[in-house]
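Q:
There are 2 protein chains.
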Amino acid sequence: MKIALSQQNYIIGNFEYNFDKIQKDILKAVEQKTELIVFPELAVCGYPPRDFLEFPDFINKCLNSIDKVREMTSTHDIAVIIGSPTINPVPEGKDLFNSAYFIYQGEIKYQAHKALLPTYDIFDEYRYFEPVTDFKVIEFKGIKLAITVCEDIWNIGNENPLYTVCPMDELSKQDPHLMINISASPFDYTHKEDRYEIILKNVERYKIPMIYVNSVGTQTEVIFDGGSIVMNEKGGIHSELPYFKESLQIIDSNDLYGDNTPTVQKSNPDKYELIHDALVLGIRDYFGKLGFTKAILGLSGGIDSALTLALAAEALGPENVLSVLMPSQYSSDHSVNDSVQMCKNLGSPHKIISIEDPNNAFLQLLKPHFESIPFNVAEENIQARCRGLILMALSNKLGHIVLNTSNKSEAAVGYGTLYGDMCGGLSVIGDVYKIEVYELSRYINRNKEIIPVNIIEKAPSAELRPNQFDSDSLPPYEELDVILYEYIENRQGPKEIIAKGYDPKMVQRILRLVNRSEYKRYQTPPMIRISRKAFGMGRRLPIVAKYLG
Amino acid sequence: MKIALSQQNYIIGNFEYNFDKIQKDILKAVEQKTELIVFPELAVCGYPPRDFLEFPDFINKCLNSIDKVREMTSTHDIAVIIGSPTINPVPEGKDLFNSAYFIYQGEIKYQAHKALLPTYDIFDEYRYFEPVTDFKVIEFKGIKLAITVCEDIWNIGNENPLYTVCPMDELSKQDPHLMINISASPFDYTHKEDRYEIILKNVERYKIPMIYVNSVGTQTEVIFDGGSIVMNEKGGIHSELPYFKESLQIIDSNDLYGDNTPTVQKSNPDKYELIHDALVLGIRDYFGKLGFTKAILGLSGGIDSALTLALAAEALGPENVLSVLMPSQYSSDHSVNDSVQMCKNLGSPHKIISIEDPNNAFLQLLKPHFESIPFNVAEENIQARCRGLILMALSNKLGHIVLNTSNKSEAAVGYGTLYGDMCGGLSVIGDVYKIEVYELSRYINRNKEIIPVNIIEKAPSAELRPNQFDSDSLPPYEELDVILYEYIENRQGPKEIIAKGYDPKMVQRILRLVNRSEYKRYQTPPMIRISRKAFGMGRRLPIVAKYLG
Chain A
339 MKIALSQQNY IIGNFEYNFD KIQKDILKAV EQKTELIVFP ELAVCGYPPR
389 DFLEFPDFIN KCLNSIDKVR EMTSTHDIAV IIGSPTINPV PEGKDLFNSA
439 YFIYQGEIKY QAHKALLPTY DIFDEYRYFE PVTDFKVIEF KGIKLAITVC
489 EDIWNIGNEN PLYTVCPMDE LSKQDPHLMI NISASPFDYT HKEDRYEIIL
539 KNVERYKIPM IYVNSVGTQT EVIFDGGSIV MNEKGGIHSE LPYFKESLQI
589 IDSNDLYGDN TPTVQKSNPD KYELIHDALV LGIRDYFGKL GFTKAILGLS
639 GGIDSALTLA LAAEALGPEN VLSVLMPSQY SSDHSVNDSV QMCKNLGSPH
689 KIISIEDPNN AFLQLLKPHF ESIPFNVAEE NIQARCRGLI LMALSNKLGH
739 IVLNTSNKSE AAVGYGTLYG DMCGGLSVIG DVYKIEVYEL SRYINRNKEI
789 IPVNIIEKAP SAELRPNQFD SDSLPPYEEL DVILYEYIEN RQGPKEIIAK
839 GYDPKMVQRI LRLVNRSEYK RYQTPPMIRI SRKAFGMGRR LPIVAKYLG
Chain B
339 MKIALSQQNY IIGNFEYNFD KIQKDILKAV EQKTELIVFP ELAVCGYPPR
389 DFLEFPDFIN KCLNSIDKVR EMTSTHDIAV IIGSPTINPV PEGKDLFNSA
439 YFIYQGEIKY QAHKALLPTY DIFDEYRYFE PVTDFKVIEF KGIKLAITVC
489 EDIWNIGNEN PLYTVCPMDE LSKQDPHLMI NISASPFDYT HKEDRYEIIL
539 KNVERYKIPM IYVNSVGTQT EVIFDGGSIV MNEKGGIHSE LPYFKESLQI
589 IDSNDLYGDN TPTVQKSNPD KYELIHDALV LGIRDYFGKL GFTKAILGLS
639 GGIDSALTLA LAAEALGPEN VLSVLMPSQY SSDHSVNDSV QMCKNLGSPH
689 KIISIEDPNN AFLQLLKPHF ESIPFNVAEE NIQARCRGLI LMALSNKLGH
739 IVLNTSNKSE AAVGYGTLYG DMCGGLSVIG DVYKIEVYEL SRYINRNKEI
789 IPVNIIEKAP SAELRPNQFD SDSLPPYEEL DVILYEYIEN RQGPKEIIAK
839 GYDPKMVQRI LRLVNRSEYK RYQTPPMIRI SRKAFGMGRR LPIVAKYLG
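Protein chains in written order, with my numbering: chain A, 339 to 887; chain B, 339 to 887.
Listed below in structure tokens is the structure:
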């Protein structure tokens with residue numbers, strides 16, 4: 339049987355746009371005599387629609403799209419598997435299911451509802467959906483299909499499984515010939531490998547092939563990386579669709595059974611190549627889906643803003659990224675020179691706007707109210723906020739979106755000024771630790787010098803007072819980032835981290851800084867997610883609390 | 339049997355502080371020969387602990403508190419029912435239960451795990467907890483107790499129930515004599531009535547009394563209002579604990595059975611009295627739990643900041659709230675005069691700091707970069723951001739927390755400046771619609787004029803350009819707020835709202851404004867929640883989307 343995998347990039351709630359895409363791939367597949375086409379999870383509305391799912395009008399529009407797909411199958415000889423919410427017909431339980439529709443000959447033949455509802459990290463599915471508890475294999479042209487939705491194939495072989503059921507175990511009792519999984523499975527830089535492993539585990543356990551269709555594209559901060567896979571019954575990769583872009587691929591299911599069937603090598607990109615491509619897509623989709631073309635950012639002469647500029651230039655075109663250099667009396671000459679050099683390297687526009695005048699105006703105005711308290715973080719923040727104000731003013735006047743340039747290490751310990759350098763519409767590297775910022779910058783320079791080497795090599799400084807360096811108040815980033823990783827990604831406690839050989843006082847201080855900075859992170863722009871534990875929706879902590887604080 | 343209800347206000351993660359409170363009430367109850375004392379849900383750690391529950395160290399500290407309670411019962415003759423997370427002993431499913439511990443004579447006699455895990459609005463319980471499916475009544479001194487946790491009693495008598503099981507139906511098969519429910523049930527201005535109704539429904543259905551112990555206090559933006567209730571087997575109220583404050587009450591369970599038992603009248607506070615008391619507690623706990631005493635806010639001469647000042651003055655003491663009047667060339671004289679009058683009425687300090695100098699410095703600095711585009715929102719926002727910068731600078735220098743003064747109507751349609759009037763540590767009235775702002779202001783003035791009548795009566799204006807009024811670009815608040823309520827609280831679609839008789843174009847424009855302002859609300863301070871659908875954690879929408887937009 340000829341089966342098409344349609345790996346598409348949707349806009350949440352833009353039903354016309356999404357259906358248009360779906361329709362185009364159906365027609366292309368029909369042209370090539372495809373018998374079945376498979377679309378990702380919640381394709382009609384885009385994933386994750388979040389609380390839009392609570393609006394009956396939104397659900398009606400989803401079902402309207404399903405109806406249009408149904409109509410297409412009455413005039414075209416093709417079956418369609420596609421994701422959409424379904425209304426739960428019984429009053430008990432949540433009002434919706436998260437379903438894979440099987441549509442053929444103008445009829446909805448079957449809806450496979452999702453049983454395992456991810457409710458962790460960025461996921462909130464039990465907020466909306468009722469888990470299904472009965473499972474059915476359906477037959478199409480003599481092939482018995484076990485259709486599942488995303489998480490349903492993930493609960494096997496775990497030592498500490500999140501769920502008490504395994505949908506494929508149930509379905510396998512009905513002797514299916516082929517597994518089809520429709521997904522919206524988000525990227526992090528380790529997820530590609532996990533996904534391959536889980537597909538392989540399923541194929542090995544049930545001894546039948548799997549067609550796995552993932553969506554692609556960024557939804558605010560969450561990246562879906564595509565990489566849909568067809569695995570034959572022996573665990574060989576028949577096809578691997580591209581990462582970070584749309585794709586339509588047609589395969590013959592006969593090629594998935596028996597020995598000597600065609601296979602390809604598993605792709606094996608480097609961590610920084612993956613993060614780079616993910617961040618570029620993250621920027622591109624944020625702007626493209628909101629209908630913006632131009633970005634603006636503060637270029638300080640430091641490595642964070644330099645990396646952000648390089649990524650934005652690649653995503654939007656260098657001519658569409660405006661760098662603003664905003665020196666103060668504390669800025670070193672090389673900060674300006676290096677920044678200008680970088681804009682030249684890219685062919686990207688820049689402006690130099692000194693903050694001295696407004697900064698002095700504030701200092702003079704506030705002096706009588708500062709009660710003779712010496713220069714401290716208040717004055718430092720005034721500088722950062724003057725810069726934020728200038729960026730926002732230009733953004734408002736010229737219609738650019740401000741890119742935030744803070745990194746994950748800073749965001750973790752709260753080294754940043756709310757409404758100052760923490761401002762912006764999108765945080766590009768807010769999920770990238772400082773040591774990863776260096777690696778990514780070297781990756782940016784892999785072919786030629788885009789980020790001036792001087793920017794990469796100089797000691798990090800906020801330049802908010804004379805001779806200020808990050809190392810004055812923080813341990814070296816090689817240590818800081820490991821401690822942060824253990825706490826944030828691995829949820830280790832102080833005892834476990836100290837046991838790794840770190841100074842107890844330093845560990846306690848850092849964990850306290852992380853917890854006490856929650857109020858700042860609450861107000862930061864969305865951060866493109868590239869790790870398995872990013873700040874934002876996937877990490878939910880109270881502001882008012884006193885744990886390790 | 340003598341039973342104590344301990345309605346307490348915890349700090350999330352402050353185990354020493356929480357245990358100290360628990361210990362004190364146990365000792366007080368022991369002194370009065372109480373046989374059983376009941377504490378709220380997750381009392382040992384405070385509710386909601388959110389992702390702290392993912393940290394094994396945090397769970398160990400919870401269990402350590404339980405162990406200390408256990409030890410107390412080996413030296414004191416009292417049984418304790420108290421909420422804590424429990425580790426799920428089987429690997430399948432989530433790692434934790436949300437439990438009511440029954441502790442007596444130095445032993446954990448039983449743990450009643452929660453079955454219904456609220457995962458909607460502000461709740462995320464299935465993110466952490468496994469729902470229990472078996473139920474057991476336990477006997478203590480001849481009385482059979484049906485112990486449940488919060489939501490477990492809420493799934494009865496609903497036309498569209500959220501869950502497929504009813505824990506009390508199961509427990510009632512074992513013929514309990516008394517229901518005990520431990521809760522952390524958050525306030526909204528309709529919730530008191532709902533709670534009474536649900537307790538009554540349970541008592542009527544199972545024909546036994548209920549002891550319902552709720553926590554009290556604000557956790558960041560969520561208010562727990564107390565109001566614990568003891569209801570006798572006939573549905574009469576034996577006791578109603580106070581709202582918005584801690585309380586320890588000891589009752590005799592013999593008074594809950596038979597006719598002619600002592601009862602009290604149900605309290606029946608007015609909507610605005612409830613909201614007022616809730617907001618005052620919201621401010622007080624935010625400051626108190628973070629260890630701050632002083633607030634600062636921008637007093638514009640409008641009603642929103644006036645109301646915020648009045649509430650803050652009541653919560654913190656008028657001497658602890660610093661008002662900053664920041665006039666510009668567009669400010670009317672009466673704005674300053676009315677504001678000064680209000681500070682006098684309260685006996686509260688103020689400063690007058692004109693924004694003209696820094697505002698002019700920015701305008702001059704940016705003129706060459708503004709490409710001759712005429713005065714527009716960019717210049718308006720510069721004014722608002724100069725004000726935000728001044729407030730934050732004073733906050734940083736003097737150690738005050740900035741109170742945000744935006745109302746819900748503005749936050750809904752995005753009428754506010756990010757990093758300008760949308761700045762602050764806490765939004766006091768961000769869940770209060772403009773028409774409710776007027777009602778609350780009249781409530782503030784119920785005994786004497788605190789908010790000058792002129793502030794209440796004048797036409798609302800942002801005063802960011804000459805002769806600007808809210809009504810220039812928005813429908814009257816009487817209409818706007820109803821449309822917003824239908825969309826936000828009731829999740830009505832455009833069709834349903836238009837059918838109520840509103841202009842279709844206006845409705846579409848307003849819903850579009852709401853959806854397109856998500857990026858602004860993402861970066862606003864936490865808003866004290868007083869309605870059943872507040873912005874923030876309880877309303878989760880994507881920024882990048884195109885639904886009704």
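Yeah, the Cβ is synthetic: ideal placement off N, Cα and C, and Gly gets one too.
#1: Pull up the CB-CB distance for LEU763 of chain B and ALA722 of chain B, whole angstroms please, since I reckon it's below 8 Å.
#2: Determine which residues of the region 716 to 750 of chain B have a Cβ less than 9 Å from any Cβ of chain A, and write them out in chain order.
#3: Leaving aside the five residues before and after PRO790 of chain A along the sequence, list all residues of the same chain whose C-beta is less than 8 Å from its C-beta, in chain order.
#4: To the nearest angstrom, how far is the alpha carbon of SER605 of chain B from that of MET875 of chain B?
#5: Thinking HIS738 of chain B and LYS632 of chain B are a contact (beta carbons under 8 Å), I'd like their distance in whole angstroms, please.
#6: Just list the alpha helix (DSSP H) runs in the region 685 to 750 of chain B, keeping only unbroken ones of 4 residues or longer that don't cross its boundaries, in chain order.
#7: Buried or exposed for ALA797 of chain B, going by 16 or more other Cβ atoms inside 10 Å?
#8: To the nearest angstrom, how far is the alpha carbon of HIS529 of chain A from that of GLU816 of chain A?
#9: Use the C-beta contact count for ASN459 of chain B: other C-beta atoms within 10 angstroms, 16 or more gives buried, fewer gives exposed.
#10: Closer than 7 Å to a non-hydrogen atom of the ligand HEM - does that hold for the CB of PHE700 of chain B?
#11: For HIS707 of chain B and chain A, any beta-carbon pair shorter than 8 Å?
#12: What residue ranges within the region 467 to 505 of chain B form continuous beta strand (DSSP E) runs of no fewer than 3 residues, ordered along the chain?
#13: Taking its Cβ as the centre, do 16 or more other Cβ atoms sit within 10 Å of GLY444 of chain A, making it buried, or is it exposed?
#14: Tell me the residue span of the beta strand (DSSP E) that contains MET548 of chain A.
#15: Could you check which residue in A:GLN557, A:MET517, A:ARG408 has the C-alpha nearest to that of PHE525 of chain A?
#16: Report the option in B:PRO607, B:LYS366, B:HIS614 whose CA atom is closest to the CA atom of VAL311 of chain B.
#17: Specify, as a first and last residue, the run of the beta strand (DSSP E) that GLU578 of chain A falls within.
#18: Determine the DSSP secondary structure at HIS515 of chain A, reduced to helix, strand or coil.
#19: Closer than 7 Å by beta-carbon distance: list the chain A residues that pair up with THR558 of chain B, in chain order.
#20: Following the continuous beta strand (DSSP E) through GLU445 of chain B, name the residue where it begins and the one where it ends.
#21: Looking only at its chain, what residues have a beta carbon closer than 7 Å to the beta carbon of ILE537 of chain A, apart from the 5 residues adjacent to it on each side?
#22: Count the other C-beta atoms from every protein chain shown that fall within 10 angstroms of the C-beta of VAL674 of chain B, then say buried if there are 16 or more, exposed otherwise.
#23: Taking only three categories from DSSP, how would you classify MET563 of chain B?
#24: Nearest-angstrom Cα distance between LYS786 of chain A and ILE793 of chain A?
#25: According to a CB-to-CB cut-off of less than 9 Å, which residues of the region 815 to 847 of chain B neighbour chain A?
#26: Return the CA-CA distance between VAL503 of chain A and LYS609 of chain B, expressed in angstroms with no decimal places.
#27: What does TYR757 of chain A reach in chain B if we use C-beta pairs closer than 7 Å?
#28: Can you give the Cα-Cα distance for LYS399 of chain B and VAL766 of chain A, rounded to whole angstroms?
#29: Using 8 Å as the limit for Cβ to Cβ distance, is GLY431 of chain B near chain A?
#30: Could you check how far apart the C-beta atoms of ALA484 of chain B and TYR385 of chain B are, in whole angstroms? I think they sit under 8 Å.
#31: Can you say whether GLN830 of chain A is buried or exposed, counting buried as having 16 or more other CB atoms within 10 angstroms of its CB?
#32: Rounding to the nearest angstrom, what Cα-Cα distance links GLU578 of chain A and ILE588 of chain A in this structure?
#33: Going by DSSP in three states, ALA644 of chain A sits in which element: helix, strand or coil?
#34: Short check: CB of GLU559 of chain B to CB of MET844 of chain B, under 8 Å?
#35: When you compare the CB positions of GLU508 of chain A and PHE473 of chain A, do they come within less than 8 Å of one another, or not?
#36: According to DSSP, is ASN402 of chain A helix, strand or coil?
A: Taking the structure as given:
#1: Reading the sequence as shown, one finds Gly at residue 763 of chain B and not Leu. GLY763 of chain B to ALA722 of chain B, Cβ: 17 Å. No contact.
#2: For the region 716 to 750 of chain B, the residues whose beta carbon sits under 9 Å from a beta carbon of chain A are, in order, ALA716, GLU717, GLU718, ASN719, ILE720, ARG723, CYS724, GLY726, LEU727, ILE728, MET730, ALA731, LEU732, SER733, ASN734, LYS735, LEU736.
#3: The beta carbon of PRO790 of chain A lies closer than 8 Å to those of ALA644, ASP676, GLN679, MET680, ASN683 in the same chain, with the five residues before and after it left out.
#4: Straight-line spacing of the CA atoms in SER605 of chain B and MET875 of chain B works out to 30 Å.
#5: Between HIS738 of chain B and LYS632 of chain B, the beta carbon gap of about 4 Å places them in contact (Cβ cut-off 8 Å).
#6: Those alpha helix (DSSP H) runs which fall completely within the region 685 to 750 of chain B and span 4+ residues are 694 to 704, 715 to 736.
#7: Here ALA797 of chain B is exposed, its C-beta having fewer than 16 other C-beta atoms within 10 Å.
#8: When rounded, the distance between both Cα atoms is 24 Å.
#9: According to the sequence as given, residue 459 of chain B is Asp; it is not Asn. Classification for ASP459 of chain B: buried.
#10: Ligands displayed in this structure: none; no statement on the ligand HEM is therefore possible.
#11: Yes, HIS707 of chain B lies at the interface with chain A (some Cβ there is under 8 Å from its Cβ).
#12: Counting whole runs of 3 or more residues, the region 467 to 505 of chain B contains the beta strand (DSSP E) stretches 476 to 478, 481 to 487.
#13: Result: exposed.
#14: 548 to 552 is the span of the beta strand (DSSP E), which, as asked, contains MET548 of chain A.
#15: Taking each of A:GLN557, A:MET517, A:ARG408 in turn and checking the Cα distance to PHE525 of chain A, the smallest one comes out for A:GLN557.
#16: Outside the shown range of chain B, which is 339 to 887, sits residue 311 of chain B, and nothing can be said about it.
#17: 575 to 578 is the extent of the beta strand (DSSP E) around GLU578 of chain A.
#18: Secondary structure of HIS515 of chain A (DSSP, three-state): coil.
#19: PRO880, ILE881, VAL882, listed in chain order.
#20: Taken as a continuous stretch (DSSP letters only), the beta strand (DSSP E) holding GLU445 of chain B covers 445 to 451.
#21: The beta carbon of ILE537 of chain A is closer than 7 Å to those of MET548, TYR550, ILE567, MET569 in its chain, skipping five residues each way along the sequence.
#22: Classification for VAL674 of chain B: buried.
#23: At residue 563 of chain B the sequence reads Asp, which differs from the Met that was named. Strand, per DSSP.
#24: Taking the straight line joining both Cα atoms gives about 15 Å.
#25: Along the region 815 to 847 of chain B, the positions whose C-beta sits under 9 Å from a C-beta of chain A are TYR825, ARG829, GLN830, GLY831, PRO832, LYS833, GLU834, read in chain order.
#26: Taking the straight line from one Cα to the other gives about 46 Å.
#27: Chain-order list of chain B residues neighbouring TYR757 of chain A: GLY726, MET730, TYR757, CYS761, by C-beta distance under 7 Å.
#28: Spanning the two alpha carbons is a distance of roughly 36 Å.
#29: It does; some Cβ of chain A falls within 8 Å.
#30: With 8 Å as the limit, ALA484 of chain B and TYR385 of chain B do not qualify as a contact, their Cβ atoms being about 21 Å apart.
#31: So GLN830 of chain A counts as buried.
#32: Between the alpha carbons of GLU578 of chain A and ILE588 of chain A lies a distance of about 12 Å.
#33: Here DSSP, grouped into helix, strand and coil, assigns ALA644 of chain A to helix.
#34: Contact flag unset, no.
#35: Judged by beta-carbon spacing, PHE473 of chain A lies within the 8 Å limit of GLU508 of chain A, meaning their Cβ atoms are closer than that value.
#36: The answer is helix: DSSP assigns ASN402 of chain A an H, G or I state.
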